[in-house]
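Below is one structure; the comments refer to it alone.
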Amino acid sequence: MSVGINSRMVAFVVHALAVVASVMVFVWSICYRGGFAWESTNKTLIFNLHPVLTLISLVILGGEAIISYKSLPFEKRANKLIHLVLHAIAIVLGILGIYAAFKHHNEKHIPNLYTIHSWVGIGVIVLYSLQVEIDGALAASLLYDDSELTSCDTVTLRQIQQQQVMIPPCMVCPTECPQRFVCPYCPVPYPHGHDTLPFVCLYCPVPYFHVHDYPPVVVMTIS
Numbered sequence: 001m002s003v004g005i006n007s008r009m010v011a012f013v014v015h016a017l018a019v020v021a022s023v024m025v026f027v028w029s030i031c032y033r034g035g036f037a038w039e040s041t042n043k044t045l046i047f048n049l050h051p052v053l054t055l056i057s058l059v060i061l062g063g064e065a066i067i068s069y070k071s072l073p074f075e076k077r078a079n080k081l082i083h084l085v086l087h088a089i090a091i092v093l094g095i096l097g098i099y100a101a102f103k104h105h106n107e108k109h110i111p112n113l114y115t116i117h118s119w120v121g122i123g124v125i126v127l128y129s130l131q132v133e134i135d136g137a138l139a140a141s142l143l144y145d146d147s148e149l150t151s152c153d154t155v156t157l158r159q160i161q162q163q164q165v166m167i168p169p170c171m172v173c174p175t176e177c178p179q180r181f182v183c184p185y186c187p188v189p190y191p192h193g194h195d196t197l198p199f200v201c202l203y204c205p206v207p208y209f210h211v212h213d214y215p216p217v218v219v220m221t222i223s
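The opening position of the sequence shown corresponds to residue 1 in UniProt numbering, with each subsequent residue numbered one higher.
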């Protein structure tokens, strides 16, 4: 039995969840945690950049990069380029978000990488960067030449790649809650922070539906 998926409806759900998650994280950071700052005597303001940048980068921009292939009304090469640019911006913002966490810890003399969340987060940015680099290298050959699409004995790599790229962010978000109860440096309760988590976790897997039965774009010839 086959189940049809309405791409427009999925796109609407994706963007609605992205807006809700973003608004909740911004409201939480500004109204309940004092706002943002790159340099401040209140080190919490430095850390507040971490959840905002990582959410916007790896979760939202990463998802937008995935669905850009099917949702944007441009020709194939333009969609590929937008896809790669969104991933590149996501990596840069993700690195800045992780750096904000390290900066906060260093200035408060708190040890780095003492939780599962931090180790998984480092692994995520590394795997995400490698994934996007491989994806970009494969797509680059088709930005100028689509002749490979007619080669015999080809297999589609795009579905696997686009599904794998959202797995790491899905793994990081849920690890934030448990650490609040075992981490000696983390405040419990975390004021209103857990209210945002369900929306972030709910958003993460939605772009998977947009790459379902994705048309072959990047292929590899099998001899």
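Even for Gly, the Cβ is constructed at its ideal location relative to N, Cα and C.
Check your understanding: Tell me which same chain residues have a C-beta within less than 7 Å of the C-beta of Trp119, skipping the five on either side of it?
Key -> For the purposes of this step, residue 119 is identified with residue 119 of the sequence shown, where counting begins at 1. Contacts found: Leu113.
Practice item. Quick one: give me the first and last residue of the alpha helix (DSSP H) that Ser71 is part of. Key: The residue labelled residue 71 in the question sits at position 71 within the sequence shown. For Ser71, the uninterrupted alpha helix (DSSP H) run begins and ends at 62–71, by DSSP.
Review point. Among the residues of its own chain, which have a CB less than 8 Å from the CB of Met9, if the five just before and after it don't count?
Key: For this step, residue 9 is matched to residue 9 along the sequence shown. Excluding positions up to five away in sequence, the list is empty.
Review point. Does DSSP put Glu107 in a helix, a strand or coil?
Key: Position 107 of the sequence shown, counting from 1, holds the residue named residue 107. Residue state, collapsed to three classes: helix.
Review point. Taking Cβ to Cβ, would you say Phe26 is nearer than 9 Å to Ala100?
Key: Position 26 of the sequence shown, counted from the start, is the residue given in the question as residue 26. Position 100 of the sequence shown, counted from the start, is the residue given in the question as residue 100. Using a Cβ distance threshold of 9 Å, Phe26 and Ala100 do not count as a contacting pair.
Check your understanding: With 16 other CB atoms within 10 Å as the buried threshold, where does Leu61 fall?
Key -> In the sequence shown, residue 61 corresponds to position 61, counting from 1. Note on Leu61: 16 or more other CB atoms within 10 angstroms of its CB, so buried under the neighbour-count rule.
Review point. Just the Cα atoms here: how many angstroms apart are Val92 and Trp28?
Key: Within the sequence shown, residue 92 is the residue found at index 92, counting from 1. Within the sequence shown, residue 28 is the residue found at index 28, counting from 1. Each residue's alpha carbon lies about 23 Å from the other.
Practice item. Please check the pair Gly94 and Tyr128, which I expect to be a contact at CB under 8 Å, by giving their CB distance rounded to whole angstroms. Key: Numbered from its first residue, the sequence shown carries residue 94 at position 94. Numbered from its first residue, the sequence shown carries residue 128 at position 128. 7 Å between Cβ atoms; contact.
Review point. How is Gly34 classed by DSSP in three states: helix, strand or coil?
Key: Against the sequence shown, residue 34 aligns to sequence position 34. In the structure shown, Gly34 adopts coil according to DSSP, grouped into three states.
Exercise for review: Find out if the Cβ-Cβ distance for the pair Ser71, Leu86 is shorter than 9 Å.
Suggested key: Here the question's residue 71 lines up with position 71 in the sequence shown. Here the question's residue 86 lines up with position 86 in the sequence shown. The answer is no: Cβ separation not under 9 Å.
Point to revise | Proximal residues to Phe199 (C-beta, below 8 Å), its chain only, five neighbours per side dropped | key: For the purposes of this step, residue 199 is taken as residue 199 along the sequence shown, with counting starting at 1. Residue confidence for Phe199 is low, a pLDDT of 46 falling below 50, so the modelled location carries little weight; the figure read from the coordinates is stated next. The beta carbon of Phe199 sits closer than 8 Å to the beta carbons of Leu17, Val20, Ala21, Met24 from its chain, once the five residues preceding and following it are set aside; these are given in chain order.
Check your understanding: Can you tell me whether Leu130 is buried or exposed, with buried defined as 16 or more other CB within 10 angstroms of its CB?
Key -> Position 130 of the sequence shown, counted from the start, is the residue given in the question as residue 130. Exposed, since its Cβ has fewer than 16 Cβ neighbours within 10 Å.
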